[in-house]
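Read in order, the letters of the sequence shown correspond to residues 1 to 67 in full-length UniProt numbering. Below is one structure, written out as structure tokens; comments come after it.
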Amino acid sequence: MYELLDWLVNKMVFVVFVIIGHFQFMTIEAWSLIISLCMGIFALSLSYWHKKVMQQIAREKGIFIHE
Numbered sequence: 001m002y003e004l005l006d007w008l009v010n011k012m013v014f015v016v017f018v019i020i021g022h023f024q025f026m027t028i029e030a031w032s033l034i035i036s037l038c039m040g041i042f043a044l045s046l047s048y049w050h051k052k053v054m055q056q057i058a059r060e061k062g063i064f065i066h067e
């Protein structure tokens, strides 16, 4: 059990160091792309959540929208 946990922690630390090492050499254009992608994914997930909440509220009020 401890071997599995040790292996898992080692892999996670390796991945974190690779990501940090990659971020050190990124240019402004690469940072801009990463930030834009993160903002787009956040906006898309927020839109999806809002749609589900609005559909739930409409369903509770007896309005059925088929999209």
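The C-beta atom is built at its ideal place from N, Cα and C for all residues, glycine as well.
Under three-state DSSP, which class holds residue i?
i          : result
residue 64 : coil
residue 54 : helix
So, are the CB atoms of residue i and residue j less than 8 Å apart?
i          : j          : result
residue 56 : residue 65 : no
Alpha helix (DSSP H) segments (min. 4 residues) lying fully within the segment 12-36: none
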